[in-house]
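Residue numbers (mature numbering (1 follows the signal peptide of the UniProt record, and there is no 0)): -18 to -1, 1 to 126.
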């Protein structure tokens, strides 16, 4: 029975993916001077009432993308915790309108830097490009 439920959830995830996915691009700074770009995809979880997130960001000077694991605060839906793949840092962000504000925290918690992000419009082509990058980085980080 559990396998059947899992298969149904996977089926509904595939069939409803295009209908419920929302992708957003943000540009901003860490510590007021380090330019960053964030790409976040929000989807409805077909098995629960929760939202699922996939995300990545980069320091604009380096160009390398960092995959993020995101958890939404159940008590305050506008607050997210984002853990960098490999635990090289953590962000706690609060959505305020169309922007995010919060902190980047080093793994030893000795550095805590202010994060400010503003939503940026994307074309369909840009969305496809970011989707391709996110799929590639997910494959690189999680393929055995």
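Where a beta carbon is used, it is the ideal one built from N, C-alpha and C, also for glycine.
How long is the line joining the alpha carbons of residue 94 and residue 11, rounded to whole angstroms?
-> As a first step, residue 94 must be located in the chain shown, where it is residue number 112. As a first step, residue 11 must be located in the chain shown, where it is residue number 29. Those two C-alpha atoms are separated by around 13 Å.
State the Cα-Cα distance for the pair residue 23 and residue 112, rounded to the nearest angstrom.
-> In the chain shown, counting from the first residue as 1, residue 23 sits at position 41. In the chain shown, counting from the first residue as 1, residue 112 sits at position 130. Roughly 10 Å between the two C-alpha positions.
Based on the DSSP output, what are the partners of residue 101 in its beta bridges?
-> Walking along the chain shown from the start, residue 101 turns up at place 119. Looking at the DSSP output, residue 101 shares a beta bridge with 8.
In or out: residue 91 buried (at least 16 other Cβ within 10 Å) or exposed?
-> The residue given as residue 91 occupies position 109 in the chain shown. Of the other Cβ atoms in all chains shown, fewer than 16 fall within 10 Å of the Cβ of residue 91; this residue is therefore exposed.
From 102, 81, 67, residue whose alpha carbon lies closest to that of residue 38 = Counting from one through the chain shown, the residue named residue 38 turns up at place 56. Here the closest residue by C-alpha is 67.
First through last residue of the alpha helix (DSSP H) which encompasses residue 114 | Here residue 114 corresponds to residue number 132 of the chain shown, with the count starting at 1. Bounds of the alpha helix (DSSP H) holding residue 114 are 106 to 124.
Note down the Cα distance separating residue 110 from residue 103, rounded to an integer number of angstroms.
-> For the purposes of this step, residue 110 is taken as residue 128 along the chain shown, with counting starting at 1. For the purposes of this step, residue 103 is taken as residue 121 along the chain shown, with counting starting at 1. Rounded to whole angstroms, residue 110 and residue 103 show a C-alpha spacing of 13 Å.
C-alpha distance - residue 126 paired with residue 120, whole-angstrom precision = One-based indexing of the chain shown puts residue 126 at position 144. One-based indexing of the chain shown puts residue 120 at position 138. Taking the straight line joining both Cα atoms gives about 12 Å.
Who are residue 96's beta bridge partners in DSSP?
-> Position 114 of the chain shown, counted from the first residue, corresponds to residue 96. According to DSSP, residue 96 bridges with 85.
First through last residue of the beta strand (DSSP E) which encompasses residue 59 = Taking the chain shown and counting its residues from 1, one reaches residue 59 at position 77. That residue, residue 59, is in no beta strand (DSSP E); it is neither H nor E in DSSP.
Under 7 Å Cβ to Cβ from residue 96, same chain only, skipping five residues before and after it: list those, please.
-> Residue mapping note: residue 96 aligns to position 114 of the chain shown, counting from 1. So the qualifying residues of the chain are 13, 14, 85.
Say yes only if the C-beta of residue 4 is nearer than 8 Å to one or more non-hydrogen atoms of the ligand NAD, and no if none qualify.
-> The ligand NAD is not among the ligands present in this structure, which contains no ligands whatsoever.
Pick helix, strand or coil for residue 46, following the three-state DSSP scheme.
-> As a position in the chain shown, residue 46 is number 64, starting the count at 1. Three-state DSSP puts residue 46 in coil, outside helix and strand.
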